[in-house]
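See structure below.
Residue numbers (this note's numbering), protein chains in the order written: chain A, 139 to 359; chain B, -16 to 275.
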């Protein structure tokens, strides 16, 4: 489903972020990408999400070389990917309900359908009753749950998460991992950039370890 | 309109800046409206002056009637002549004494000191035409003197043209300044919503969803600015017309652009259209800069 083929990424001032990265992720897999800060974890996610382009190499998603997608087709490509950030990236000037419904609203979906589905997602993440609250009034764990609900509301085939538990306590972290595991069980391919050794070892999924922009190991955890 | 909410968010966030943007457009529309009125006025004035340019040939006393008739006939045949009329010394005297001051002057003379004259009206004014016709008349036997106000007319036309030029230059400067202000204010809104724009892109919003609210924001600034500019112009001109009528007795409302149906409806449409155009262009300029 996802294939990195000899991918290099060099930033300004010759900073080598990725060097000769090749790996494949099958449909429905759950993969952790780990490594020290600056190893290239976020760069890989940014390339997959097409926030950035590789300096060299090809990246295939469902046999489509995403390095050649034109800007006009990017929104359609991104609609197939859910993205979760460490800092949640919620819209703080609108309530939780609207944040979660946003991906459906921007697609121009029928409002009745949007309301129904958003409420279902809110119920599923256990935030019923907090629909009208602004994200300021939510805890870190609740914000991340909302971000995951937003990412999953369109049932994307791929979910990318960049340090989703980075700002959370242990209890919230496990709740978040449980949500991501559930999404994976439902068929979503999940790729997570993480530092959290405990979570990675307990879940026992595949771990791609990076160091200085290179894959140093790729094995089940 | 799935992006209607985003327009509301933008306007709420820009708040006071939106007022500045709409205010700038209002001032520009006011200036453009004033320019339009001045331009229409001076054009009307220039046409009026040009269509009333006359050459007067004063005849020697006791010029025989057949000689006078010949001059009139030959003058009528000249190119550029619209009308030739003979004014007897008695007609001229009657016209003079209509004015009390001139009557007082005339009373100092014994009898009528004015000569017979031939008055030539041109179809359109050109310096060449007026000089050619004047020279023709001057060379005729029986003509004492030829008068025309070419110098004064040209001075007046030059002034009118200078007014037009200055008003046009000021209008262009205001248009550019206004578009830049709108553009910069929308730049600030875009900058303030940078994170939101990133999130929208991340969840697959297409560019029209992201950009249309900013275009609409410019258009809304233009709509309100245009209407406010018109209201200010309407107020100022209405007060001025009343003041001029009171001070001089001159009723400007006979002139078409001051008639209510023209001034209130058509000028409102023009003003709102100009405002929207300014807001839209300012917004596009901003997007060219911010969404590279």
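All C-beta atoms, glycine included, are put in the ideal place defined by N, C-alpha and C.
Note that the coordinates shown come from a computational prediction; the quantities given were computed from them, not determined experimentally.
Would residue 173 (chain A) be called buried (16 or more neighbouring beta carbons within 10 Å of its own) or exposed?
-> Residue 173 (chain A) sits at position 35 when you count from the first residue of the first chain. Burial call: buried.
Nearest CA to the CA of residue 161 (chain A): which residue from A:143, A:171, A:149 and A:155?
-> To locate residue 161 (chain A), count along the first chain from 1; it is residue 23. That would be A:143, whose Cα lies nearest to the Cα of residue 161 (chain A).
Any Cβ of chain B within less than 7 Å of the Cβ of residue 255 (chain A)?
-> Counting from one through the first chain, the residue named residue 255 (chain A) turns up at place 117. No, residue 255 (chain A) lies away from the interface with chain B (no Cβ there is under 7 Å from its Cβ).
In this structure, what does DSSP give as the bridge partners for residue 344 (chain A)?
-> In the first chain, counting from the first residue as 1, residue 344 (chain A) sits at position 206. In the DSSP output, where bridge partners are listed per residue, residue 344 (chain A) has A:169 and A:358.
Assuming residue 277 (chain A) contacts residue 235 (chain A) under a Cβ cut-off of 8 Å, what Cβ separation, rounded to an integer in Å, is found between them?
-> For the purposes of this step, residue 277 (chain A) is taken as the residue at position 139 of the first chain. For the purposes of this step, residue 235 (chain A) is taken as the residue at position 97 of the first chain. With a Cβ gap of about 17 Å, residue 277 (chain A) and residue 235 (chain A) do not count as contacting.
Measuring CB to CB, does residue 338 (chain A) end up less than 7 Å from residue 329 (chain A)?
-> Position 200 of the first chain, counted from the first residue, corresponds to residue 338 (chain A). Position 191 of the first chain, counted from the first residue, corresponds to residue 329 (chain A). Against a cut-off of 7 Å, the Cβ pair of residue 329 (chain A) and residue 338 (chain A) comes out as no contact.
Look at residue 222 (chain A) and residue 321 (chain A) and say whether their C-beta atoms are less than 7 Å apart.
-> On the first chain, residue 222 (chain A) is found 84 positions in, with the first residue counted as 1. On the first chain, residue 321 (chain A) is found 183 positions in, with the first residue counted as 1. Not closer than 7 Å, so no.
The beta strand (DSSP E) spanning residue 145 (chain A) covers which residue range?
-> Locating residue 145 (chain A) in the first chain gives position 7, where the first residue counts as 1. Segment 140 to 149, the beta strand (DSSP E) holding residue 145 (chain A).
Excluding the 5 residues preceding and the 5 following residue 164 (chain A) in the sequence, name in chain order all residues of the same chain whose CB lies nearer than 7 Å to its CB.
-> Taking the first chain and counting its residues from 1, one reaches residue 164 (chain A) at position 26. So the list reads 139, once near-sequence residues are dropped.
Mind checking whether residue 266 (chain B) and residue 198 (chain B) have CB atoms under 7 Å apart?
-> As a position in the second chain, residue 266 (chain B) is number 283, starting the count at 1. As a position in the second chain, residue 198 (chain B) is number 215, starting the count at 1. It is a contact, given that the beta carbons lie within the stated cut-off.
Use the C-beta contact count for residue 129 (chain B): other C-beta atoms within 10 angstroms, 16 or more gives buried, fewer gives exposed.
-> As a position in the second chain, residue 129 (chain B) is number 146, starting the count at 1. Looking at its Cβ environment, which holds 16 or more other Cβ atoms inside 10 Å, residue 129 (chain B) is buried.
So the alpha helix (DSSP H) residue -1 (chain B) belongs to, where does it begin and stop?
-> As a working mapping, residue -1 (chain B) is identified with position 16 in the second chain. Unbroken alpha helix (DSSP H) run through residue -1 (chain B): -1 to 34.
Is residue 97 (chain B) near residue 76 (chain B), with beta carbons less than 7 Å apart?
-> Locating residue 97 (chain B) in the second chain gives position 114, counting from the first residue. Locating residue 76 (chain B) in the second chain gives position 93, counting from the first residue. Contact: yes.
Identify whether residue 50 (chain B) lies in helix, strand or coil by the three-state DSSP scheme.
-> Position 67 of the second chain, counting from 1, holds the residue named residue 50 (chain B). In the structure shown, residue 50 (chain B) sits in a helix (DSSP, three-state: H, G or I).
Determine which residues of the segment 177 to 199 of chain B have a Cβ less than 8 Å from any Cβ of chain A, and write them out in chain order.
-> The residues in question are 178, 179, 181, 182, 183, 184, 185, 186, 187, 188, 189, 190 and 192.
One or two residues paired with residue 154 (chain A) in a DSSP bridge | Here residue 154 (chain A) refers to the residue found at position 16 of the first chain. DSSP, once it has assigned bridges, lists A:148 as partnering residue 154 (chain A).
Given a cut-off of 7 Å, decide if residue 258 (chain B) and residue 208 (chain B) are closer than it, judged by their beta-carbon atoms.
-> The count along the second chain starts at 1 and reaches residue 208 (chain B) at position 225. The count along the second chain starts at 1 and reaches residue 258 (chain B) at position 275. Yes. Within cutoff.
So residue 215 (chain A) packs on residue 232 (chain A), CB below 8 Å; how close in whole Å?
-> Within the first chain, the letter at position 77 stands for residue 215 (chain A). Within the first chain, the letter at position 94 stands for residue 232 (chain A). About 26 Å separates the beta carbon of residue 215 (chain A) from that of residue 232 (chain A), a gap too long to meet the 8 Å contact definition.
CB-CB length for residue 227 (chain A) against residue 177 (chain A), believed under 8 Å = Residue numbering aside, residue 227 (chain A) sits at position 89 when the first chain is read from its first letter. Residue numbering aside, residue 177 (chain A) sits at position 39 when the first chain is read from its first letter. Wrong, their Cβ atoms sit about 22 Å apart, outside the cutoff.
Within its chain, find whatever has a CB closer than 6 Å to the CB of residue 349 (chain A); leave out the 5 residues flanking it on each side and keep chain order.
-> Counting from one through the first chain, the residue named residue 349 (chain A) turns up at place 211. Cβ within range, chain order: 173 and 177.
According to DSSP, which residues form a beta bridge with residue 220 (chain A)?
-> Within the first chain, residue 220 (chain A) is the residue found at index 82, counting from 1. A:297.
Where residue -8 (chain B) meets chain A, residues with beta-carbon distance less than 7 Å = To locate residue -8 (chain B), count along the second chain from 1; it is residue 9. The answer, in chain order, is 231.
Please go through the same chain and pick out, in chain order, the residues whose beta-carbon is closer than 8 Å to the beta-carbon of residue 245 (chain A), but skip the five residues on each side of it.
-> Here the question's residue 245 (chain A) lines up with position 107 in the first chain. Listed in chain order, the non-local C-beta contacts of residue 245 (chain A) below 8 Å within the same chain comprise 217 and 292, local neighbours out to five positions each way being set aside.
Cβ neighbour criterion (16 or more within 10 Å) applied to residue 107 (chain B) = Locating residue 107 (chain B) in the second chain gives position 124, counting from the first residue. Residue 107 (chain B) should be labelled exposed.
Chain B within 7 Å of residue 235 (chain A), Cβ atoms only | Walking along the first chain from the start, residue 235 (chain A) turns up at place 97. No Cβ of chain B is located within less than 7 Å of the beta carbon of residue 235 (chain A).
Coil, strand or helix - residue 77 (chain B) by DSSP | In the second chain, residue 77 (chain B) corresponds to position 94, counting from 1. Helix, per DSSP.
How big is the Cα-Cα spacing for residue 105 (chain B) and residue 118 (chain B)?
-> Residue 105 (chain B) sits at position 122 when you count from the first residue of the second chain. Residue 118 (chain B) sits at position 135 when you count from the first residue of the second chain. Whole-angstrom Cα-Cα distance: 14 Å.
Alpha carbon of residue 274 (chain A) to alpha carbon of residue 224 (chain A), nearest angstrom = Mapped onto the first chain, residue 274 (chain A) falls at position 136. Mapped onto the first chain, residue 224 (chain A) falls at position 86. About 16 Å.
Straight-line Cα distance separating residue 183 (chain B) from residue 279 (chain B) | Past the boundaries of the shown model lies residue 279 (chain B); chain B is included only from -16 to 275, so the question cannot be answered.
Cβ-based burial, residue 241 (chain B) [other Cβ within 10 Å; buried from 16] = Looking up residue 241 (chain B) in the second chain gives position 258. It is buried - the Cβ of residue 241 (chain B) has at least 16 other Cβ atoms within 10 Å.
Hey, is residue 244 (chain A)'s beta-carbon within less than 7 Å of any beta-carbon in chain B?
-> As a first step, residue 244 (chain A) must be located in the first chain, where it is residue number 106. The beta-carbon of residue 244 (chain A) is placed less than 7 Å from the nearest beta-carbon of chain B.
For residue 255 (chain A), does the three-state DSSP call read helix, strand or coil?
-> For the purposes of this step, residue 255 (chain A) is taken as residue 117 along the first chain, with counting starting at 1. In this structure, residue 255 (chain A) counts as helix in the three-state DSSP scheme.
Residue 198 (chain A) by DSSP, collapsed to three states: which one?
-> Residue mapping note: residue 198 (chain A) aligns to position 60 of the first chain, counting from 1. Reduced to three states, the DSSP call for residue 198 (chain A) is strand.
Would you please verify whether the beta carbon of residue 241 (chain A) is less than 7 Å from any beta carbon of chain B?
-> Position 103 of the first chain holds residue 241 (chain A). Yes, residue 241 (chain A) counts as interfacial toward chain B.
Determine the burial state of residue 227 (chain B): buried for a count of at least 16 other Cβ atoms within 10 Å of its Cβ, exposed for fewer.
-> Position 244 of the second chain holds residue 227 (chain B). It counts as exposed.
Could you work out which residues of chain B lie near residue 213 (chain A), taking near to mean beta carbons separated by less than 8 Å?
-> Within the first chain, the letter at position 75 stands for residue 213 (chain A). Chain B residues near residue 213 (chain A): 184, 187, 188, 189 and 190.
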